[in-house]
Every structure is written in structure tokens, then in C-alpha cells.
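**Q**
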Amino acid sequence: MIVSIENEFLTVKATTDGGTLTSVFDRKAKEELLYQPRPDAWNGQDVVIFPFVARLKDKYYELDGKRYDMEIHGLARYGTFTVEKKAADCMTLLFIDNAETRKQYPFAFELRVTYTLEANKLVTSLSVFNPNPDALPFMLGAHPAYRLDAIEKPDCTDTSGNYLLLPRREYTRLTLAPGTGFISGEEPMGVLDEIELTKEFFQKYDTLMLTDFEGDVTLKRRGRSLRFSLGKVPLLALWTHMYYGDYICIEPWFGQPDDFRPVREFRSKTRMNTLDSGKTFTYTYSVEYIS
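The opening position of the sequence shown corresponds to residue 201 in my numbering, with each subsequent residue numbered one higher.
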């Protein structure tokens, strides 16, 4: 089911299938800002990531000696949310555990995604509540894909001329073991303040994962800008298809993909979070759509 909110600046649509965005439409510019899927680039548009970020090595983990299988980015992207609250400019979508989720993740949970419009800004809140008597291990993240200005060519999409502006400082990135989606270590990136979002850049880095990010990033297209206020996050991931598609995914993560030589025990995985019984963890970020 598609649910929509709007104000004088924006119309935003989300689906109860995964709780994700399907459209961010600028009403004044009459422009779709969210990437629209195509099969040769990416069939998605957004992912609510919970309770694991990206891939598990061999698609499984262990908990107290028992094996559990789980697909990429966890459970929420494959689940059905309900509409818990709805107003003209705000909606909250709710995903709770069920018999199927407990086969993959043997915990009770309440996961809420709230989308709120504040003038020309979309505020997204991801909230995890732990109803279990014991602590809840989890990862959490966002994965929205925003359109870039692009020229389609026979063998690639040319996305040159689009830039991401970062707070100027020295960055460290997580590295991937060659030919895998699993973490092999860290290495310095040096001082960064601007990245041109070309396909050649992502052929070199695949997914760029910057550690201990804090602040805002600005996506500068040729004709307009989008400002992402991300706060402080353990990882900021940047991803797109290496050859096709007019988009960039800007992904704040509380967690990370599995290590190439992983600890199988779920609670002990790198960058795992722990939420005490009866407590709620909330992460909020916003995107301001600047003409």
C-alpha cells in the first residue's frame, strides 16, 4: 500500500512493503527527486535496514550456538509495515516481529519509521523499541537513493558534474576483501571535502564507507542542491551501480557488513548495538531540498 503526505513544497510517498520511500516530488519545480528504479541499475529506491547492515558471510549467523539465516540488510526490507499514525504532513509506519521474523531473528521488536515534512525538508526517524526481558542486539540504517543529473550512453550512465560536499577533515574508510562484500580492514582516505560522483569513482571504491561521520553533506547537482543533515553516525556509506543508473545512495549506518573472517556470534559482531529491555533507540536525519 502506498501512503502519501504533502505540504505546499513537497509530496512524499512511501510503501508499507518495507516502509520505504517511493517518491519525493518537488511541487514547485515539478521534479521527482527520488531515483525511480530500472532493472539494469537497481530495482530498489530505498531500504530500511534492520537488524543487520548489508551482507552476512555465508548468509548466516549464530546465536547461543544456533544457526539463523538472513538475507542482505536484514528483515525490514522484506516485511509489511502497518500505518500507525497519519496526518497531512506526517506518517509513522510500524513493523513488529512475527512467526516468520523469529525464524531469522529470535527476538521481539517494534520498528517505526516516521516521515515528517517541515517546509522544504523531509525528516526521517528510525526507531527501535525492545520489549524483550533481555538486551536486544541490532543494527540499523537508511538507504535512500536520490537522482543525479545524467547522460545515458550505450555502455554506461554518465553522472559526471554531480558532487557530494563533505565536512573538510581526514577520513578513514572500511575496505572490502577483493571480489566480496565483506570487510577486510581500514585505511586512511586523507583529507576530503568534495567527491565527484562519477561511475569511475565507484568502479574504484564500490561502496565507500567512511567511519565516524559527523555533520552535513550536500549533494550538488548541476541545477540544484540537497542538504543531508546526518548528525553523528558510526558509518556513512555511499553506493551506486558501477555503470548504470542516475542515482546516489547516501546511507547512515549503525552497523556494518560482516567481516571477511567473521565472528559468527551475533552479539559479538563488529559495530553491533545493544538496546536494554524496555528502551528505545531513535536515529533522525533530514534532507532539505534546495532549489
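Glycine is no exception: its CB is placed at the ideal position from the N, C-alpha and C atoms.
Is K286 closer than 8 angstroms to N362 when the C-beta atoms are compared?
**A** Taking 8 angstroms as the Cβ cut-off, N362 and K286 do not qualify as a contacting pair.
**Q** Classify P388: buried if its beta carbon has 16 or more other beta carbons within 10 angstroms, exposed otherwise.
**A** Looking at its Cβ environment, which holds fewer than 16 other Cβ atoms inside 10 Å, P388 is exposed.
**Q** Looking only at DSSP bridge pairs, what is I351 linked to?
**A** Its beta-bridge partners are D358.
**Q** Span of the alpha helix (DSSP H) holding T474?
**A** That residue, T474, is in no alpha helix (DSSP H); its beta strand (DSSP E) goes 473-475.
**Q** Let me check understanding here. Comparing Cα to Cα, which of R373, F413, T418 lies closest to E394?
**A** The residue with the shortest Cα to Cα distance from E394 is T418.
**Q** For the alpha helix (DSSP H) containing F281, name the first residue and the last one.
**A** Where F281 is concerned, there is no enclosing alpha helix (DSSP H), given that its DSSP letter is neither H nor E.
**Q** Considering Cα atoms alone, identify which of Q456, L397, E400 is closest to M409.
**A** Nearest C-alpha to M409: Q456.
**Q** My assumption, with CB atoms under 8 angstroms, is that T316 sits in contact with C290. Please give the rounded CB distance.
**A** That belief holds up - the Cβ atoms of T316 and C290 are roughly 4 angstroms apart, short of 8 angstroms.
**Q** What does the Cβ neighbour count give for V391, buried or exposed, with the cut at 16 atoms within 10 Å?
**A** The residue in question, V391, is exposed, as its Cβ has fewer than 16 Cβ neighbours within 10 Å.
**Q** Quick check on M339: buried or exposed, where buried means 16 or more other Cβ atoms within 10 Å of its Cβ?
**A** By the neighbour-count rule (16 or more Cβ atoms within 10 Å), M339 is buried.
**Q** Going by the CB atoms, is the gap between I249 and H273 shorter than 8 angstroms?
**A** Result yes, Cβ atoms of H273 and I249 sit closer than 8 angstroms.
**Q** Using CA atoms only, rank isn't needed, just tell me which of T380, G381, S425, L374 is closest to D349.
**A** When only C-alpha atoms are compared, the closest one is S425.
**Q** Is it right to say K496 is buried, meaning 16 or more other beta carbons lie within 10 angstroms of its own, or is it exposed?
**A** Missing from the structure shown is residue 496; the chain here goes from 201 to 491 and no further.
**Q** At the level of alpha carbons, what is the spacing between D476 and P331?
**A** Cα-Cα distance, rounded: 9 angstroms.
**Q** Among E208, V224, I202, F225, whose alpha-carbon lies nearest the alpha-carbon of G218?
**A** Out of E208, V224, I202, F225, I202 has the C-alpha closest to the C-alpha of G218.
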